[in-house]
Structures are given as structure tokens and as C-alpha cells.
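Count the sequence shown with this note's numbering and you get residues 53 to 789, in order.
C-beta: ideal position from N, C-alpha, C; glycine also.
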Amino acid sequence: MSYTNFTIETDSDGIALITWDMADKTMNVFTQEVLAELDAIVDEITNDEAVKGAVITSGKSTYSGGADLTMMNAVFERIQEERAKNPDGVAQALFDQVGTMTGLFRKLETCGKPWVSAINGVCMGGAFEMSLACHGRVAADGKDVKMALPEVKVGIFPGAGGTQRVPRLTNQQDALMMMTTGQNLSPKKAKSLGLIHEIAEPDKLIETAKQMIRDGLKPVQPWDEKGFKLPGGNIWSPQGAQLWPAVSANLRKQSYANYPAAIAIIKCVYEGLQVPFDTGLRIEQRYFTEILQTPEAYAMVRSLFVSLQELNKGARRPAGIEKTRFNKIGVVGAGFMGAGIAYVTAKAGIPVVLIDREQEAADKGKAHSQDLVAGAVKKRRMSEEDGEALLSLITPTTDYAALDGADLVIEAVFEDRGIKKTVTEAAEAVLAPGSVFASNTSTLPITGLAENSQRPDDFIGIHFFSPVDKMMLVEIILGEQTGDKALAVALDYVQAIKKTPIVVNDTRGFYVNRCVMRYMTEAYSMLVEGIPPAMIENIAKMAGMPVGPLALNDEVAIDLSQKVNRATIADLGEGAVDPRHVKLIDTMVDGHGRLGRKNGRGFYDYPAKPAKKHLWPELKDLYPQQDPDDVSVDEVKDRFLATIALEAARTMGEGIVTDPREADIGSILGFGFAPYTGGALSYIDGLGVKAFVELCDDLASRHGEHFKPTPLLKEMAANGDTFYGRFGAGAGIGKAA
Ligand code: NAD
């Protein structure tokens with residue numbers, strides 16, 4: 053038979069080589085069609101007497117990305133439609149549907165002939181689950197070969213047998229760790245865990261897989277053998293008694309039970325290992341059905357998979373402009389940010405001219421890349437040759453003439469209008485017409501800076517976050533006169549360096565910092581009210597934020613907050629900043645010399661390593677403290693999430709952000725806004741705009757005007773709108789399932 057997505061070649065030993073290669077996709081994924089074809093292939097292999105066994109591999113450089121989650125998004129939408137029609141039937145219909153893959157893989161592993169998965173590259177999610185159902189697994193030796201069950205990262209879990217097979221192959225602790233974190237496994241790690249059998253040189257991969265069959269690989273899984281024993285002992289064994297009491301406590305410590313899918317993994321393993329394998333699969337199928345109906349799964353798949361992919365592919369790129377292939381990029385200012393920008397640019401294989409006032413400063417900027425490369429080489433994340441090649445692309449200099457021929461120049465000099473003007477003029481004197489000039493300013497509006505430019509249509513903001521090599525988000529800011537060409541070049545650049553762009557209009561603080569400021573200023577109010585600092589930090593984390601607001605402020609620097617306060621008052625007047633906040637920050641900086649992590653003294657103390665940072669004990673002496681029992685944990689959580697979400701909604705109302713996908717992704721990648729919500733606007737949509745408006749009104753009555761819902765929110769609440777319904781991407785999708 054012939055198939056659209058697979059080819060089959062049977063050799064003289066009767067071993068069928070099944071090659072998965074989807075013509076219209078860069079990566080193989082499971083679609084309905086793929087599942088149907090695979091089902092037919094399993095039948096074909098089983099029934100063809102000439103075939104002794106099968107090796108399945110991929111015809112692409114990667115193996116497979118797993119399930120097509122855009123398809124999953126469609127499932128969510130269908131769930132909602134179905135629920136409206138037949139609320140009781142939804143769960144059953146879903147249960148039957150999610151059983152397809154489970155049933156197929158079970159059929160494969162019980163077909164009576166040996167199957168080997170030959171993993172030649174990235175093998176994720178459902179594809180790894182399929183491999184686990186094969187009787188043999190061999191992976192190519194290479195740094196691009198990775199295996200993982202990463203579903204938890206998008207709010208779901210391995211629901212095609214993964215939760216049952218992994219803990220029957222390896223010990224329960226490693227199984228739980230692997231699935232609840234979604235970590236990548238190298239071939240070596242996967243083998244040490246017992247999840248694959250062999251590692252082969254890439255050009256010997258298929259031969260090694262075939263040899264396993266020739267050597268008599270048994271077509272029976274360990275758990276289908278009589279007398280099978282779990283590798284790490286039973287749940288009710290001394291080892292189990294050591295592990296299990298701590299499992300849920302650990303999960304709560306890490307993620308405060310905000311992620312239902314992670315909890316479901318634990319339940320699947322705990323319950324599934326106490327019953328026969330097929331019953332375990334049924335337990336998994338039930339939990340999977342339940343998880344698919346949670347708002348978290350819906351919101352996380354939409355934001356963290358679908359929207360993220362769309363933005364990465366250039367959803368906001370203007371049409372009709374040829375894609376830029378970068379020959380050279382200039383970075384002016386080789387300080388903290390410029391050095392990082394030079395590194396990520398060179399890492400993408402683009403030559404960089406790194407300019408500073410003194411050669412020594414420019415060299416120091418390059419030294420940052422040397423350090424990062426040395427670290428990566430040491431950890432074997434980069435080969436020495438790749439490291440040298442990267443470094444050879446960075447030319448540190450003081451000479452602006454070296455910018456000649458650059459397609460894009462990014463300035464990251466001091467945050468000073470005068471210096472930025474000088475630099476813009478010096479660069480433009482060398483740049484050919486059509487080259488784009490970008491500012492990495494964090495506070496100065498782009499429209500104003502563009503006044504220094506001879507070509508404001510080619511002037512744009514490209515705002516990185518620190519540390520540049522780690523933060524995946526880049527905020528692109530359009531000045532009033534920024535043209536489509538500059539936007540296209542900026543987006544092409546962000547894509548080239550493999551980061552995620554959001555495109556926003558010009559305003560003080562742009563999008564991300566406006567929202568972050570709210571997070572920190574709410575914490576200032578709480579300090580002033582006498583909420584114990586430890587509660588402020590811990591409850592923020594309970595709400596799903598990765599870093600407490602005071603710890604975050606220490607990273608950003610408290611004297612920077614002071615500068616921002618002063619600049620805001622200078623520009624907008626005394627009332628623009630809460631005087632209680634001004635006093636708090638002035639007391640910290642001027643009164644106690646507490647600048648943040650940079651001087652080892654901020655809201656936290658930073659003792660010498662290995663001691664850990666801890667809250668500054670005297671912080672609680674600045675204000676009379678409330679009794680912790682009187683502090684409502686839920687209200688503190690609501691205040692943090694609501695103040696940020698309200699700011700995001702304000703930026704939508706003002707037309708600063710125009711696409712809810714960008715507001716959501718910007719909030720998660722920019723400052724870790726509770727990812728289980730799907731982002732700041734998905735949080736509002738998930739609650740329902742009406743409920744959010746009621747929450748804000750309630751908070752405003754006790755905590756101040758800044759909680760007052762905006763006119764846009766009130767109007768949306770009255771109309772029953774959602775952000776995604778009203779503003780785009782997911783038009784028509786209603787409240788979370
Ligand atoms: P920095 O002080 O570490 O670096 C600035 C560099 O610019 C210095 O090396 C300095 O010698 C150089 N410089 C100054 N005048 C120059 C000139 N005329 N020509 C060439 N080089 C010159 O500052 P930074 O933290 O890297 O910030 C740089 C820019 O990035 C600022 O606009 C800042 O607002 C923005 N930014 C900073 C952060 C952050 O977290 N630090 C985040 C986003 C954006």
C-alpha cells in the first residue's frame with residue numbers, strides 16, 4: 053500500500069523500514085491522517101507474512117514534534133461547542149477521542165512482531181510515546197538528538213501511554229521528574245534511565261535498529277511478560293514509602309498546585325502502577341479527558357504553543373517586503389546590554405561590529421561573549437570550533453566607519469537623550485540609505501528619539517531584556533513615523549536570533565515595563581500597609597509569578613526605580629507617583645544605601661555564597677506590621693494578578709498593544725506572568741470580563757483608584773466580549789473551557 057506521510061521499504065531479511073516524512077511540513081507531527089495511516093501500517097506489518105519486524109524512523113533531520121497542537125486548539129473549540137449542545141456527552145466523546153493514540157500504540161506493541169524506533173533527531177511528546185511503545189529504541193548520537201515528554205509545559209500531559217510506560221521502564225522518581233518538568237533528555241541520559249536501549253553513530257542508526265530485530269528482539273514489552281516487576285519497586289515498598297509522601301509536597305513547593313496537568317501526572321503514575329497495564333492506560337485516559345477540559349490547558353495551549361508559534365513565524369510582519377538576509381549588524385555601546393546583543397547576534401551566525409568610545413570598552417564587550425562561549429564549551433553545549441567561529445564574528449572597535457554595509461544598527465549606549473543623538477548621527481553618517489537604526493532604550497519614547505534621525509521611517513525600537521542571552525522576548529516599538537520596512541527588518545532580525553517578538557506602539561515604558569511596574573508598585577503599597585514582606589514574596593509566587601516583586605526589584609536595582617520615579621514626576625507632575633512609594637524608595641536608597649542585588653543590599657541581603665539571600669530583617673521595621681493571620685492570601689494574589697492584567701488591558705485600550713496574543717506572550721516571556729493563565733489577557737478572558745470588572749471594582753474600593761476598571765473593560769463586560777473575541781487572533785473563541 054502507499055501512504056501520504058510514510059514510505060515502507062522491506063529488505064531481504066524481511067525488515068520493513070518505515071520512514072515518516074510529511075511533504076508539506078518542516079517537522080513530522082501527528083495529525084488525524086498520520087494516525088489513520090499508522091494504524092493501517094501496523095495492520096499491514098502484522099498481516100504480511102514476509103515481514104519479520106519493523107523499524108520506524110523519520111526522513112527529516114528531526115524525528116517528530118509530537119501531536120499537532122494546533123489540532124488540539126481545534127479540539128478545545130469543539131469541546132465548547134459540544135458543551136453548549138450536550139453538556140453530559142462532552143466528557144464521553146472526548147474520552148473516546150483521546151483514546152485513539154493510546155489504542156493505536158497498544159495495538160502496535162501487542163501486534164506480535166518486533167518494532168524498533170530509530171530516533172534520528174528531536175523526538176517529542178506523542179512521538180516519544182510511540183517510541184516507548186516500540187519493543188526496541190535506538191537513538192543517534194548527536195547533540196541535536198533530544199527526547200522529551202514536554203506536554204506539561206503547555207498545560208496537558210503525556211496522554212498516549214507515557215505516564216504508564218515511563219515508570220515501568222525507569223524508577224518512579226526519575227519518571228515523575230521527567231514528566232512533571234518536561235525536561236529534554238540526551239541519548240546518554242535516556243539510556244541511563246533505561247528509556248532507550250542503544251545509542252548509535254548517526255550513519256549506523258538504521259543498521260543498529262535492524263540488527264536488534266535480527267538478533268531476535270522479543271515482540272513483547274516487559275509489562276506484558278509474566279512476573280514483571282517495576283524497576284524502582286512497587287508503590288507500597290520501602291522505596292515507595294520514601295518517595296511518595298514527598299511527591300505532592302515537592303510539587304506544591306515548586307508550583308503551588310497551579311498546574312492541574314502536573315498533578316494529573318502524579319495521579320496517573322501512583323494509581324496506574326497499582327493496577328494491570330491496560331487499566332493504567334484507562335486511568336491515564338480518564339485524567340487526560342479531565343485535563344483537556346481545564347481552563348489551564350485551553351489557555352496554555354493557545355498562548356504557549358499556538359500564539360508563540362505564530363509570533364515566531366512573523367504573524368506581525370508586513371506583507372510584500374523581501375526578507376532580509378543579514379550581512380552585518382552594528383551594535384553601538386558595548387556595555388551590559390550591547391555585549392549581550394552582540395553575543396546573540398554572532399550566535400545566529402551574523403557578523404557584528406561592536407562599537408564603544410574606547411577600544412578597551414569595546415574589547416570588554418566582546419569578552420562577555422568569550423565568557424559565555426567558554427561556559428558553553430565547558431558544559432559541552434557548544435563545540436570549541438563553533439565557539440571560535442562565533443567569536444570571530446564579533447569585531448570590537450571605536451571606528452564608526454566599520455558600520456558601513458550594516459543592514460541594521462542597534463544602539464545600547466547610556467540612557468541619555470544627548471548621547472543617543474550623537475550616536476544616531478554618527479551612525480547615519482556612515483549607513484547606506486535603507487539601513488535600519490534601532491534603539492534599545494528602555495524608557496525614552498521612540499518617536500522623540502527618531503527626531504535625531506535623518507530617516508525616521510527607518511528608525512525603530514528593539515527592546516531587549518536582561519540577561520539578553522537568556523530572555524526570549526524582544527519588544528519592537530514603532531515610533532509614529534516608523535515604516536513597514538523597518539518593522540520587517542526588525543522582525544527578520546528577531547527571528548534570525550531565534551527570539552520571540554511582540555510589536556507595540558510608542559508609549560512611556562512600552563508594554564512589558566508598564567506591566568512590571570504595576571507588579572512592583574503593588575508590592576510597595578503592601579509594604580506600606582504592613583503586610584509582612586515574606587508574605588508579599590511568597591503569595592506572589594503562590595499566584596504563579598516566578599520571582600517575588602521585591603526580589604525582582606532588587607534585580608532591576610532600587611536606585612533605578614528611584615530614577616524612574618523622579619523622571620515620571622518631572623515629566624508628568626507630582627501626582628504621577630504615589631508619594632508613599634516615593635518615600636519608601638527614597639528611604640531604601642538614600643536612607644539605607646540599599647540599591648539592590650548590585651551592592652548586595654536591597655529588599656534582600658545577599659551574603660557571600662554558599663549562603664542564600666534572605667529578606668532584609670529591618671524591612672519589617674519600616675512600617676507597623678499586620679498580623680499575618682489577618683492578611684487574606686487570596687486578596688493579595690488577586691491584587692498582583694489583577695493590577696498587571698488591568699495594565700495590559702489599559703495598553704489595549706490605548707492602542708499600545710493591538711493583538712491579545714502579543715499581550716499574553718509579552719507578559720509570560722517578559723516577566724513570567726502566571727503561565728497557567730495563558731497570559732495577562734487570557735487571565736481576564738478566563739475569569740470572564742464581567743467577573744474581572746467586578747473584582748477590580750471590589751479591589752478599588754479597598755486599595756485605590758488604580759484598580760478602577762477602564763472604560764474598555766466596562767464596555768466589554770456589558771457586551772459579553774472577550775479580548776480574543778473582540779481583538780483578533782482567536783475571534784469567536786469564547787470564555788475558557
Ligand atoms: P551600560 O552602562 O552597561 O552600557 C552603556 C555603554 O555605552 C557603555 O559601555 C558606554 O561606554 C557606552 N557608551 C556611552 N556613550 C557612548 C558613545 N557616545 N559611543 C559609544 N558607546 C558609548 O548600560 P546598559 O545597561 O547596557 O544600557 C544600555 C541601554 O540599554 C540603555 O538605553 C538602557 O536603557 C537600555 N536597556 C537596559 C536594560 C538593562 O536591564 N540594563 C534593559 C533594556 C534596555
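Distance, residue j Cα to residue i Cα
| i | j | result |
| --- | --- | --- |
| ALA770 | LYS742 | 7 Å |
| LYS664 | LEU602 | 16 Å |
| VAL168 | HIS187 | 6 Å |
| ILE583 | GLN678 | 6 Å |
| LYS205 | ILE265 | 35 Å |
| GLY786 | PHE128 | Its pLDDT being 34, under 50, GLY786 is placed unreliably by the model, and the measurement read from it follows with that caveat. Cα to Cα, the separation comes out at about 11 Å. |
| GLN216 | THR341 | 16 Å |
| ILE60 | LEU87 | 16 Å |
| ALA484 | GLY457 | 7 Å |
| ALA400 | VAL197 | 20 Å |
| LEU424 | ALA394 | 12 Å |
| GLY324 | ASP255 | 38 Å |
| GLY782 | TYR776 | Because the pLDDT at GLY782 is just 40, under 50, the model does not fix this residue reliably, and the point stays unresolved. |
| TYR311 | LYS593 | 13 Å |
| ASP8 | ILE407 | The displayed coordinates of the chain run from 53 to 789. Any statement about residue 8 would go beyond what the structure contains. |
| ALA454 | VAL405 | 7 Å |
| LEU747 | VAL429 | 51 Å |
| PRO202 | ILE315 | 15 Å |
| GLU589 | PRO712 | 28 Å |
| GLN422 | PRO239 | 28 Å |
| ASP558 | GLU412 | 35 Å |
| ALA789 | ALA313 | Low confidence applies here, because ALA789 scores a pLDDT of 29, under 50, leaving its location unreliable and the question unanswered by this model. |
Start and end residues, alpha helix (DSSP H) containing residue i
| i | result |
| --- | --- |
| ARG653 | Careful: ARG653 lies outside any alpha helix (DSSP H) and carries neither H nor E. |
| ASN125 | 121 to 137 |
| LEU751 | 741 to 755 |
| THR552 | No alpha helix (DSSP H) contains THR552, which is instead part of the beta strand (DSSP E) from 552 to 557. |
| LEU424 | 411 to 430 |
| VAL709 | Premise fails: VAL709 is in no alpha helix (DSSP H) and is neither H nor E. |
Boundaries (first-last residue) of the beta strand (DSSP E) holding residue i
| i | result |
| --- | --- |
| ARG189 | 188 to 192 |
| VAL526 | 525 to 530 |
| ALA252 | 250 to 252 |
| HIS515 | 511 to 516 |
| PHE58 | 58 to 62 |
| PRO448 | 446 to 449 |
| ILE720 | Taken as a continuous stretch (DSSP letters only), ILE720 belongs to no beta strand (DSSP E), being part of the alpha helix (DSSP H) at 712 to 723. |
| THR71 | 67 to 72 |
Selected residue, minimal CA-CA separation from residue i, among the options
| i | options | result |
| --- | --- | --- |
| GLY372 | LEU539, GLN225 and ILE446 | LEU539 |
| HIS249 | LEU228, GLN273 and ASN236 | GLN273 |
| LYS416 | GLY390, ARG368 and VAL103 | GLY390 |
| ARG409 | GLY385, LYS418, ASN80 and HIS420 | GLY385 |
| ILE317 | ALA143, SER238 and MET230 | MET230 |
| LYS243 | LEU184, GLU532, GLU323 and ILE708 | LEU184 |
| VAL358 | ILE97, LEU747, ALA126 and THR71 | ALA126 |
| LEU445 | MET123, LYS418, VAL429 and ARG433 | LYS418 |
| ARG130 | LEU146, ASP120 and SER116 | LEU146 |
| ALA227 | ARG649, LEU245 and PRO553 | LEU245 |
| VAL118 | GLY470, THR559, LEU406 and GLY177 | According to the sequence shown, residue 118 is Gly rather than Val. The shortest Cα separation from GLY118 among GLY470, THR559, LEU406 and GLY177 belongs to GLY177. |
| ASP73 | ASN99, LYS672, LEU525 and SER116 | SER116 |
| ALA697 | GLY730, GLU581 and ALA293 | GLY730 |
| PRO347 | VAL383, GLU467 and ILE208 | ILE208 |
| LEU344 | VAL683, GLN614, VAL142 and ALA179 | VAL142 |
| ASP509 | LEU501, ASP276 and HIS515 | LEU501 |
| THR154 | VAL327, MET182, ASP140 and LYS137 | MET182 |
| ALA490 | VAL461, GLY470 and ALA349 | VAL461 |
| THR109 | CYS175, ASP100, ASP95 and PRO139 | CYS175 |
| PHE675 | HIS666, PHE388, HIS633 and ARG646 | The sequence shown places Tyr at residue 675, rather than the Phe named in the question. The candidate whose alpha carbon is nearest that of TYR675 is HIS633. |
Rounded Cβ spacing between residue i and residue j (contact assumed at less than 8 Å)
| i | j | result |
| --- | --- | --- |
| ALA49 | ALA170 | Any answer about residue 49 is impossible in this case: the structure gives the chain only from 53 up to 789. |
| GLY718 | GLU527 | 7 Å |
| LYS472 | ASN504 | 7 Å |
| THR639 | ALA628 | Not confirmed; about 20 Å, so no contact. |
Distance cut-off 7 Å: residue i Cβ against heavy atoms of the ligand PLP
| i | result |
| --- | --- |
| ILE610 | This structure lacks the ligand PLP; its bound ligands are the ligand NAD. |
The stretch 355 to 373 touching the stretch 317 to 335, judged by at least three CB pairs closer than 8 Å | Taking 8 Å as the limit for Cβ pairs, the verdict is that the stretch 317 to 335 does not touch the stretch 355 to 373.
Taking three-plus beta-carbon pairs below 8 Å as touching, is the stretch 606 to 622 in contact with the stretch 698 to 709?
-> Contact fails: fewer than three Cβ-Cβ distances are below 8 Å.
Are there three or more Cβ pairs, one per stretch, closer than 8 Å when the stretch 689 to 704 is compared with the stretch 742 to 751?
-> The stretch 689 to 704 is in contact with the stretch 742 to 751.
Just checking, does the stretch 209 to 229 make contact with the stretch 277 to 287 on the three C-beta pairs under 8 Å criterion?
-> Taking a cut-off of 8 Å on C-beta distances, the stretch 209 to 229 touches the stretch 277 to 287, as three or more cross pairs fall below it.
Three-pair Cβ contact test at 8 Å for the stretch 642 to 650 versus the stretch 550 to 569 | Counting C-beta pairs with one atom in each stretch, the stretch 642 to 650 and the stretch 550 to 569 have fewer than three that are closer than 8 Å, which means they do not touch.
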